[in-house]
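*Asks:*
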Amino acid sequence: MPKYLFMVNYTPEGVAGLKQEGGTSRREAVSKAFNAIGGSLESFYYAFGDVDAYVIGELPDNAACAAFALEVDAAGGATLETVVLLTPEELDAGRGKSSGYRPPGG
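The sequence shown runs contiguously to residue 105 in numbering that gives the first Met the number 0.
Below is the structure:
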């Protein structure tokens, strides 16, 4: 099952909700949302810096990932940047393939 990294930034409304409900409530909400679309939450960490939280989970496919991201963004409490994660084996499988790409001027 594909694995995704979501980099989360809370809006002011999201921060207010986080202060009211706590951090574990967000982890539980994300876990339930992932389960509802056939996936599972692997990890959820809050962080200092440019990103407020890092979430890693498995979802059945890109359509399920898009559904989750759209729901989060539409709710208005947070924005997401989504990264598709690859296993070392998937990278090895890609290593033997060629697209025929030619760089500019090459």
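Even for Gly, the Cβ is constructed at its ideal location relative to N, Cα and C. Since the structure is predicted, the reported quantities are computational estimates derived from the model, not experimental observations.
How many Å lie between Arg26 and Asp60 at the Cα?
*Replies:* Near 21 Å, if we compare the C-alpha coordinates of Asp60 and Arg26.
*Asks:* If you draw a straight line from the C-alpha of Ala77 to the C-alpha of Phe33, how long is it?
*Replies:* 16 Å
*Asks:* At a cut-off of 7 Å, is Ile55 close to the ligand ADP when judged by its beta-carbon and the heavy atoms of the ligand?
*Replies:* Ligands displayed in this structure: none; no statement on the ligand ADP is therefore possible.
*Asks:* With DSSP as the reference, label Leu85 as helix, strand or coil.
*Replies:* coil
*Asks:* Given a threshold of 16 other Cβ atoms within 10 Å of its Cβ, counted over all protein chains shown, does Leu190 qualify as buried or as exposed?
*Replies:* Residue 190 lies beyond the range of the chain shown here (0 to 105); nothing can be said about it.
*Asks:* Compute the distance between the beta-carbons of Glu41 and Ile55, then report whether it is under 8 Å.
*Replies:* yes
*Asks:* Tell me which residue opens and which closes the alpha helix (DSSP H) that Val29 is part of.
*Replies:* For Val29, the enclosing alpha helix (DSSP H) covers residues Gly22 to Ala35.
*Asks:* Which residue marks the beginning of the beta strand (DSSP E) containing Ala52, and which one marks its end?
*Replies:* Ala52 to Glu57 is the span of the beta strand (DSSP E), which, as asked, contains Ala52.
*Asks:* Along the chain, where does the alpha helix (DSSP H) containing Phe67 start, and where does it finish?
*Replies:* Where Phe67 is concerned, the enclosing alpha helix (DSSP H) stretches over Asn61 to Ala74.
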